[in-house]
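Engineer:
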Amino acid sequence: MKLIIAMIQPHKLPDVKKALYDAKVFKMTVTNALGCGQQKGFTETYRGVIHEVNLLKKIRLEIAVNEDFVEPTIEAIIKGAKTGKIGDGKIFVLDLAECIRIRTGERGPEAIG
Amino acid sequence: MKLIIAMIQPHKLPDVKKALYDAKVFKMTVTNALGCGQQKGFTETYRGVIHEVNLLKKIRLEIAVNEDFVEPTIEAIIKGAKTGKIGDGKIFVLDLAECIRIRTGERGPEAIG
Amino acid sequence: MKLIIAMIQPHKLPDVKKALYDAKVFKMTVTNALGCGQQKGFTETYRGVIHEVNLLKKIRLEIAVNEDFVEPTIEAIIKGAKTGKIGDGKIFVLDLAECIRIRTGERGPEAIG
Amino acid sequence: MSMKFLKPSHRLLGVGVLVMLLFLPLLASADDSSTIKINSVAIDTVWTLLAGVLVFFMQAGFAMLEAGFTRAKNACNVLMKNLMDFCFGSIAYWAIGFGIMFGAGTLFMGTSGFFLKDAGGTFASLDWTQVPLEAKYFFQMVFAATAATIVSGAMAERTRFNAYILYSIVISAFIYPVVGHWIWGGGWLAKIGMWDFAGSTVVHGVGGWLALAGAIMLGPRVGKYNPDGSSNAIPGHSIPLAALGVFILWFGWFGFNPGSTMAAVPEIAHIATTTVLAASMGGIAAMITAWKMFKKPDISMALNGVVAGLVAITAPTAFVSAGSAILIGLVGGVLVVLSVVFFDKILHIDDPVGAVSAHAICGAWGTISLGLFAQDIFAPGTTGNGLFFGGGWKLLGAQTLGVISVFAWSMTAGLILFALIKKIIGLRVSREEELRGLDVEEHGVESYSGFQIFTTQ
Amino acid sequence: MSMKFLKPSHRLLGVGVLVMLLFLPLLASADDSSTIKINSVAIDTVWTLLAGVLVFFMQAGFAMLEAGFTRAKNACNVLMKNLMDFCFGSIAYWAIGFGIMFGAGTLFMGTSGFFLKDAGGTFASLDWTQVPLEAKYFFQMVFAATAATIVSGAMAERTRFNAYILYSIVISAFIYPVVGHWIWGGGWLAKIGMWDFAGSTVVHGVGGWLALAGAIMLGPRVGKYNPDGSSNAIPGHSIPLAALGVFILWFGWFGFNPGSTMAAVPEIAHIATTTVLAASMGGIAAMITAWKMFKKPDISMALNGVVAGLVAITAPTAFVSAGSAILIGLVGGVLVVLSVVFFDKILHIDDPVGAVSAHAICGAWGTISLGLFAQDIFAPGTTGNGLFFGGGWKLLGAQTLGVISVFAWSMTAGLILFALIKKIIGLRVSREEELRGLDVEEHGVESYSGFQIFTTQ
Amino acid sequence: MSMKFLKPSHRLLGVGVLVMLLFLPLLASADDSSTIKINSVAIDTVWTLLAGVLVFFMQAGFAMLEAGFTRAKNACNVLMKNLMDFCFGSIAYWAIGFGIMFGAGTLFMGTSGFFLKDAGGTFASLDWTQVPLEAKYFFQMVFAATAATIVSGAMAERTRFNAYILYSIVISAFIYPVVGHWIWGGGWLAKIGMWDFAGSTVVHGVGGWLALAGAIMLGPRVGKYNPDGSSNAIPGHSIPLAALGVFILWFGWFGFNPGSTMAAVPEIAHIATTTVLAASMGGIAAMITAWKMFKKPDISMALNGVVAGLVAITAPTAFVSAGSAILIGLVGGVLVVLSVVFFDKILHIDDPVGAVSAHAICGAWGTISLGLFAQDIFAPGTTGNGLFFGGGWKLLGAQTLGVISVFAWSMTAGLILFALIKKIIGLRVSREEELRGLDVEEHGVESYSGFQIFTTQ
Ligand SMILES: Nc1ncnc2c1ncn2[C@@H]1O[C@H](COP(=O)(O)OP(=O)(O)O)[C@@H](O)[C@H]1O
Ligand SMILES: Nc1ncnc2c1ncn2[C@@H]1O[C@H](COP(=O)(O)OP(=O)(O)O)[C@@H](O)[C@H]1O
Ligand SMILES: Nc1ncnc2c1ncn2[C@@H]1O[C@H](COP(=O)(O)OP(=O)(O)O)[C@@H](O)[C@H]1O
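Protein chains in written order, with the numbering used here: chain A, 1 to 113; chain B, 1001 to 1113; chain C, 2001 to 2113; chain D, 3001 to 3457; chain E, 4001 to 4457; chain F, 5001 to 5457.
Next comes the structure, spelled out in C-alpha cells:
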C-alpha cells in the first residue's frame, strides 16, 4: 500500500477529481496549503506596495491506494493537473504500513477502498 | 516509531481526544481537511439548487508514537470515532524514520512524547 | 529521499524560511495546524470564563529533500524555530519512496528540487 | 415623484391664496393658523418616523451582535431568526398587538383596535401625540420587534427554528403588548404612578425575562458545562460583526430614547445627552470591571457594557440629569459583568450573548434608578422627584412594583409558552444536530462557504 | 459652526423684530406668514434630504448583499463595482441624467437642465415640491444610483471591470433617465395615466431588465451548468454579510418609499406602514415557498423575499391599504422564489444574486398590482380606484402598458449597449481569470488576506 | 409614551384655545407667533440631532475601516480602541472639552462652561443657532470623537491599549477643543477671517496631524520595512469590512457637512450636493491614479479616495459651487494616493490605514481650496470670494495660516503627549506581542474563533 501526496493548483482540482474518478479512485483527502516552488507567484499591489506573494495557494491531496493503483493514480493526477507551466505541482509517494477502516475495524488492503 | 494519520468526523474530535488521553497519548497535530469517501455527503439546497457536497469536512489527526503505543493509539481512535456509520473515517500508519524535538535537539523515541 | 514534516510556532515561520533559504532549501509546502504538545497554551478569558486553549495554532511544514539535504534541512529548521521554550515544535522524517514533478513527469531525486 | 402629494398647506390654501397671503397677512391669518398646525404635525411626524426607522435598524444590530457572539456553524440560523421574528412580529403587532397595547379595554389589556381599526377614541391612550395613527403604529411596532428579538440571543445555537417562529409571534401579539398596556396604554401600572420613559422594563424587561425563561427551559449548550460543574467558554466566531452590531444598536438607540417623545419637543436634546453619557459610562465600567476580574479588558464585556448602559438609561432618560445618567450607566456596566458571571458560573444558565444580564437585569436597574434619580425639573408634572432628590419612597415603590409585576408576568407567560411548545413541537434540536450546527441541519446552508473553519466545539 | 448661516427667518425678521413679535403679534403678521412658509420649506427639505441619505445607504446594502452572495475570490470586485457605479453615476446624473429626466423637453426625454442649470421653468415637472432644486437632485440622484447598482449583482463574478464602469455610466446618464422622464418627468406614460409612486418600474424595473440583458449577454459562470443541463449551486461566501445587506436595504427603503413624497406630508406614515407590511410578508412567503419546495427554510430565499416585497410595494405604497400591501408582498415573495428557479433551471440564465427575479419580476408585479389594488381614498385625485375596487380596467391597462414599454426599452437599450461594449473592449474575463477570481486578476488583492479559503469552485 | 411630553405648543395654548384658534385667528395671533417660533426651533433641533446621530455612526465606519485594513490578529484591539475612545471622549468632552471649545474665555481657549454649566452668555459663541444647549453639545461631541478616533488607524497593530486610552482622553478634552476654540469658538483664527465650515482642519486636520505624531513616535510595524529600505505590503484582513466602513463614513458625512448648519436652512441641499460630488470624484481620481501607477485599480486606494474627497470638501462645502466641489474632490483623490506612497516609501512612516494622508493632507488641501474656490453668492457675508473668483489673496492667506497653526499646535502637542506617555507607561507593545497579535496579548480573545488564519506576518 502507498500513500500518495500531491500538491496541485487550486483551480485544477475539478479536473484532477474527474481524472481520478475515471481511474476509479474515489477516495481522497484534500487540504489547503501554501506552497513555495519554482513558481514565482503573482504580485499583488496593495496600497502602492508591490507585494510578492511567494507562498502560493495550493491544494494538497492525500490518497491511500493499493499497489496496483499507484501508477493509475499518478497518471490521473498528472492528466488532470498538468499544463506544462511552472506551478503545476508535485507528487510524493510514501510506503503505507497499515490502513484501518474505523467503521468496521478492517485492516490492510481491503480497508483502503 | 510510527506516524499515525487519522481522518475522523469533526464532531467526534472531543470524544477521540478523550479516548487518546485515557490511552496516555497527549501529543498530536490536528488539521482541517475535506474528504471523499463512501459517505455520500449531506445535500445543501442553496437558492433552490440541490447541492451535493461530496467533499465533506473532516478532521485530520497526525500522531507520532513509539512502537508500543501504536495499537493503543489505534484502538483509542476507533473507540472515540466509531459510530458504525459510513463516514467514520480511516487510519493510516506510516513508518517514521526519525523524530527530533526542536527545543532540545533530542532525537528518536525520546523525542516523541 | 526523505519527507520532512515540521511543526513550528506560527510566528517563527519568517525565521525558519530564512534559515532554509540560507541552506538552499527553496521548496516547501506550508499548512495550518493545531497542535497538542507539552506547551500549555495561553489562556483566553472570554466573557469571564477562563478558556484553556489546548489546541494551539501551529505551522506545519512539509519538505521533500534528497538524502544529502536531510541534515542541513533539519538544522535550518532548528536554527529558525528554536527558542528553548516549550512549544518550539517537532520534526518528523519519513522515507519518501517516489517523487514526481507534474509539469515534466520527471521522477526521483531530480524531481525534488 | 410625479406630483403625487401636495402639501396639506397647499391643499388648504390653494396656490393663489398662498401668494396673496404673503402680502395680506391679516386677512390670511385663519389659513396661517392652519398651516402652523400643519407644520407642527409635519415636524412631529417626520421625527417620529425617522426615529422609528432608526429603531428598526436595531434589528440589524441585534442580528450582527448575536451572530458574532455565536459560532460560525449557527450564524445563518441566528440571522434567520432575527429576520423572521421581525417579519412575523410586524404583522402580528399590526393585527393584534397594537390593539391589546393601546386599544380601549380594561386596566389589564386593550380589547379593541385590532388591525388598526379606530372606531373613534379607540386609541385615546395615545392622544397625547398629534402624529397620524399609522406613525404611532410604526414607532410602537419596531419597539415590539425589539422585545421579541432579544430572546433569540439567549436561546441561540440550540433552539428549533419552527419553535422559535411560534413563540416570537406570541410575544409580539400578546405577551409584550399586555405589559405595554399596563405601563403605556393606560393600564394599572400607569395608574399607580409607575414611569418607564422608553422601555427599560416594557421592552427590555419583557424581552430579557422571556430570554431567561427560554434559556432555563432549553438548558445549556452541549459542552458548556463540565461534569465537575465548571464552565467552558464557547467563543463567538466574529467579534467584528458583534462590534458592528453594538454600534448599530447604539445608533438606533438615538431613535429609541429621544424618539419616544413622539413629538419634536426640545427635550429630545436632553434625552440624547443622557443616553450617550450613560452608554459611554456603561462601556467604561464594564471594561474596567472585566479588567479587574479577569486581568484583561475583554471586548465582549465592553460591548455588553454599552448595551447595559443604554438599557439602564432607557427608563429614566428624560427625567434625570446628565450626572445621574453617568451614575446610572456606571452601575449598569458593573452589573452586567457580575450578572453574566453569576448566571454562567453560579446558576449555570447558558445565555450565549448575555441577553438576560444586559436586558433583564439592567432593565430592572434602570427602572428602579428612575425612582432614585428622577428630578421634577426635567419633565414637570410627570414623575416628580425620586428618592435621592427628596421625593420620598413613593415613586421608588411604584417602580419596584412595576419591575416585580413584569418579571412575574413575563416569567410565568414565558415558562407556560415554552412548556407548551416543548410538548407540542419540541423546543430543542438533537445533540447530533447541535454538534453539526444548525445552519446545515436546519437550513441546509453554510454561513461561510469555502472558508476553513474548525467546527469541533 | 462659527456662525455660518442664520436661519432665513432671522434674516428676514432680524432679531429685534423677532423679540418684538412675541409681544406684538398683530403687527408682525406679515413676517409671521413668511416664517410659516420658511418653516414649511425647512421641514420638507430636512425630510427629503434625510430620506435621500437613507436611500444613499442602500448602496452599502447592495454592496454587502452582492458580496455576500458571491464567492470570496470575487468579493473585492463586486464591492468595487458597487462603489464606482455610484461615484460615476452621481456625477453623470448631475451633468446629464437629471436634465434628461426632469428638464423641459419632449414627451420622450428632457433636453435641457444639464448641470442643474435652471433657466426658469426648466424643471417645471418637479414644481409640485417646494424643496430647493439641489435637494431634488440629491434625492433623484440616489435613485438613479440604485437602478445602476442593481445590475452588478446579476453580472457578478465574470464581468470585466472597465466594461462595468462604462455601462454603469450610460445607465445613469441616459437609459434610466429616459424612463424616468416618461413616468415622473411628465413624459408620455405619465400622460396616459400610469402611476409608479416610488419606482417599482422606474428604478427596479429598469435595473432589473438591464440586469437580465447583461446576464444573457455574458452567459453563465464557469461550472454553473452541467453538460446534461442540470444546474450547480455556487454558494455565496458570507451569508452574514448578505443578511446585513438586506437589513440595510430595508432600512434605506424607509427613505425610498416615504421619502418619495419629497414633502413632509402626513401620508408618509401610511407609506411606511404599507412598506413594512409588504416586506415582512414577502420574507415570510418566500421562506414558506422555499420550505415547501426544497424542504428547508432557505435563508437566501427569505432575504430575497424581503427585497421582493419591498420592490413590489414600491409602486403602490401610497395608494393601497395595509391589507392590500400584505397581499402584494405575499405574491412578491412567492414570485421571487419561482422566478429564481425558473431563470436558473428552465432558462439557464445565471444571476448570482437573483437580481432579475427580485427587481424586474417583482417590480413588474408591483406596478401591475397598483392597477388592481389602488383606492382613491389614500391619495384623492391621483390614481383612482384599481380593478379590485371598482375602478375598472383603465388603470390596470395603463400600468401594464408601462411595464411592457419599460421592459422593451430597457432590454433593447441594454442588449445594444452590452453588444457594443463586447465588441469594443470585451465584456467578460477569460476562463482562467474567472477561475482564479477577479480580485486577484482584476484588482491584485485578496478580500480576506490570511484566511484559508478553498477557491476551487 | 404614556403622555410624557406635551408639545410646547399645546402647553402654551391649551387644547381648548387650539380649537378656538382655528376659528378666531386674529385673536389668537400672539399664540401663533409663539408656535411659529416653537416650530422653527423644533425643526432645527430635529435636524441637528439627527445629523449628530449620523455623525455618531461614523464611529462604526472608522471601526470597520480600520479593522478591515489591519490584520485579523489585531482586529479586536482596533475595534476596542474605536469603541473606547468614544466612550471616554464623550464624557471628557462633556466635562471639559466643550467648555474649552465654546465657553467664554480668551482668544486661545475657553475657560468656562465645564459640565455644560451655562452661567448666562457662557456659550455666546454658539448663539447663532437656536437649538437647545444639549443639542449643541451632542452635535459637537460626535465631532470631537471623530477627531480622536482618526488617530487609532495610524497607530494600529502596535500601540499599547492603556496608552491609547490615555491619549484619546487628552485629545477629546484638550488638544482638539483648543483648535476648535480658535476657529469655531470665536478664537484668534476666526477673528482673522479663517473659515472652516465643517472641519477639514478643525476635525480632520487635528486628527490627522496627531496621527502623524503618533506614527512617528511609534515607528513602523515589525516586518514593514526591509533592511534595504524597501517596503512590504501588510494587507488588511477584510476588504469587505473596510468597504462597509467607507460606506458608513460617507453616510455619516451627510450629517457631518449639512448638519454643521445646526439649523434647517435651505442651504443644506447645496451642501449635500457638493459633498456627494467631491466624494465621488475623489474616489474616481484615486482609482485612476492608482490604476496608472500600479497597473491595477486598487480598491483600498479607491476607498481612501472617497474619504479624501469627503475630507477635502468638508471645509468649503457650503461656500463653493458644484463644479468647484468636483475639482476639489479630484485633487483630493490624486493627493491621497501620492501621499500614501510618499509617507510609506519616502518617509518610511508606517500608517496602516492611510489616516495621515486622508485626513491631514486632504484636510489641509480642503481648507486651502476654500481660499481658492469660495464664492460670495453661496453664503453672502461670510467668506467672500476666493482667489479664483476675484477675491484676492486675503482669504487664501488666512486659510493657509490656519492650516499651518493647526499643524504646529497638533504636532507639538502630540509629540509632547506621546513622549510623556512613552516615558511613563510605554507606548508600544513588545516585538513578541506584536507578532502574536494584540488580540490575544492585550485582550485575551481571538477575533475569528474557529477560523483558520495564517498569522505569520
Ligand atoms: N521539495 C518539495 N517539498 C515540498 N513541497 C514541494 C516541493 N517541491 C514542490 N513542492 C510543492 O509543490 C508546489 C508546486 O511546485 P512547483 O513550483 O510547481 O514545482 P516545480 O517547479 O518543481 O514544478 C509547490 O508550491 C509546493 O507546494
Ligand atoms: N483511500 C483513501 N485515501 C485518502 N483518504 C481516504 C481514503 N479513504 C478514506 N479517506 C478519508 O477518510 C474519510 C472517511 O471515509 P469514509 O467514507 O468513512 O470511508 P469508509 O467508507 O471506507 O469508512 C474520507 O472522507 C477521506 O477523507
Ligand atoms: N508525538 C507527536 N505527534 C504529533 N504531533 C506532535 C507530537 N509531538 C509534538 N507534536 C506537534 O508539535 C507541536 C509542538 O509541540 P511541543 O509542545 O513544542 O513539543 P515538545 O514539548 O516535545 O517540544 C505540538 O503542538 C504538536 O503540533
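All C-beta atoms, glycine included, are put in the ideal place defined by N, C-alpha and C.
Please read these numbers as outputs of a predicted model, since none were measured by experiment.
1. Should Y3093 of chain D go down as buried or exposed, given a rule of 16 or more other Cβ atoms within 10 Å for buried?
2. Relative to the alpha-carbon of S4300 of chain E, which residue among E:A4242, E:G4414 and E:L4370 has its alpha-carbon at the smallest distance?
3. Could you tell me the alpha carbon to alpha carbon distance between K4423 of chain E and L4210 of chain E, rounded to whole angstroms?
4. For ligand 3, I want to know if A2033 of chain C counts as a neighbour, meaning its beta carbon is within less than 7 Å of at least one of the ligand's heavy atoms.
5. Starting from the N-terminal side, write out each stretch of the beta strand (DSSP E) that is 3 residues or longer and does not extend beyond the region 3145 to 3202 of chain D.
6. Roughly how many whole angstroms lie between the Cα atoms of M5262 of chain F and V5055 of chain F?
7. From the DSSP secondary-structure annotation, give me the bridge partner or partners of L2056 of chain C.
8. Who are the neighbours of A97 of chain A on chain B, taking C-beta pairs under 8 Å?
9. So that I know if they touch, is there some Cβ in chain F lying closer than 8 Å to that of G2041 of chain C?
10. Which residues mark the beginning and the end of the beta strand (DSSP E) in which G3341 of chain D is found?
11. Counting only Cβ pairs nearer than 8 Å, list the residues of chain B close to R3436 of chain D.
12. Go ahead and label D4127 of chain E buried or exposed: buried means 16 or more other beta carbons lie within 10 angstroms of its beta carbon, across all protein chains shown.
13. Grab the span of the beta strand (DSSP E) containing E1098 of chain B for me, first residue to last.
14. Please indicate yes or no: does the CB of I102 of chain A lie closer than 7 Å to some heavy atom of ligand 3?
15. Check each residue of the region 20 to 34 of chain A: if its Cβ is closer than 7 Å to any Cβ of chain E, include it; give the result in chain order.
16. Could you compute how far the alpha carbon of F3143 of chain D sits from the alpha carbon of M3058 of chain D?
17. What residue ranges within the region 3068 to 3155 of chain D form continuous beta strand (DSSP E) runs of no fewer than 3 residues, ordered along the chain?
18. For the beta strand (DSSP E) holding A3279 of chain D, just list the boundary residues, first then last.
19. Taking just the CA atoms, how far does K5037 of chain F sit from V5015 of chain F?
20. Find out if the Cβ-Cβ distance for the pair S5152 of chain F, K5224 of chain F is shorter than 8 Å.
21. For S5267 of chain F and V4131 of chain E, I'd like the C-alpha separation in whole angstroms.
22. Out of curiosity, what's the CA-to-CA distance linking K40 of chain A and K58 of chain A?
23. Any heavy atom of ligand 2 within a distance shorter than 7 Å of the CB on G4323 of chain E?
24. Below 8 Å on the Cβ atoms is my guess for F3123 of chain D versus F3102 of chain D; work out the distance and round it to an integer in Å.
25. Got a sec: is the Cβ-Cβ distance from I3421 of chain D to anything in chain E below 8 Å?
26. Which residues in the same chain as L5022 of chain F place their Cβ atom closer than 8 Å to its Cβ, once the five residues preceding and following it in sequence are excluded?
27. Cα separation between A5028 of chain F and A4264 of chain E?
28. Taking C-beta pairs closer than 9 Å, name the residues in chain B that D2015 of chain C reaches, listed in chain order.
29. Am I right that G4371 of chain E and G4386 of chain E are in contact with their C-beta atoms under 8 Å? What's the rounded C-beta distance?
30. How many Å lie between F4256 of chain E and F4319 of chain E at the Cα?
31. On the DSSP bridge list, what partners appear for M1 of chain A?
32. Can you name the residues of chain B whose CB is closer than 8 Å to the CB of A64 of chain A?
Structural biologist: In short, the structure shows the following:
1. So Y3093 of chain D counts as buried.
2. Comparing alpha-carbon positions, the option among E:A4242, E:G4414 and E:L4370 lying closest to S4300 of chain E turns out to be E:A4242.
3. 18 Å
4. yes
5. none
6. 13 Å
7. C:G2035
8. Within 8 Å Cβ-Cβ: K1002, V1093, L1094 and D1095.
9. Model confidence at G2041 of chain C stands at a pLDDT of 47, short of 50, so the residue's coordinates are unreliable; what they give is reported in the following sentence. Closer than 8 Å: no.
10. In the sequence as presented, Gly is not what sits at residue 3341 of chain D; that position holds Val. In the DSSP assignment, V3341 of chain D falls outside any beta strand (DSSP E) and lies within the alpha helix (DSSP H) extending over A3322 to V3341.
11. The contacting residues are H1011.
12. exposed
13. Bounds of the beta strand (DSSP E) holding E1098 of chain B are E1098 to R1101.
14. no
15. Of all residues in the region 20 to 34 of chain A, those with a C-beta nearer than 7 Å to a C-beta of chain E are N32, reading in chain order.
16. About 10 Å.
17. none
18. A3279 of chain D -> not in any beta strand (DSSP E); alpha helix (DSSP H) instead, spanning E3267 to F3294.
19. Reliability fails at V5015 of chain F, whose pLDDT of 35 lies under 50, so the model's placement of it is uncertain and no value is given.
20. no
21. Residue identity check: residue 5267 of chain F is Glu in the sequence provided, not Ser. The alpha-carbon atoms of E5267 of chain F and V4131 of chain E are separated by roughly 11 Å.
22. Caution applies to K40 of chain A, whose pLDDT of 47 falls short of 50 and renders its modelled position unreliable; the model cannot decide the point.
23. no
24. About 5 Å separates the beta carbon of F3123 of chain D from that of F3102 of chain D, a gap short enough to meet the 8 Å contact definition.
25. no
26. With a pLDDT of 38 at L5022 of chain F, under the threshold of 50, the modelled position of this residue cannot be trusted, and the question is left open.
27. Bear in mind that the predicted position of A5028 of chain F carries a pLDDT of just 44, short of 50, making it too unreliable to give a figure here.
28. Chain B residues near D2015 of chain C: none, gap ~12 Å exceeds 9 Å.
29. Right, the Cβ-Cβ distance comes to about 5 Å (below 8 Å), so this counts as a contact.
30. 15 Å
31. Per DSSP, none; premise fails for M1 of chain A.
32. Going along chain B in sequence order, the residues near A64 of chain A (Cβ under 8 Å) are K1090 and F1092.
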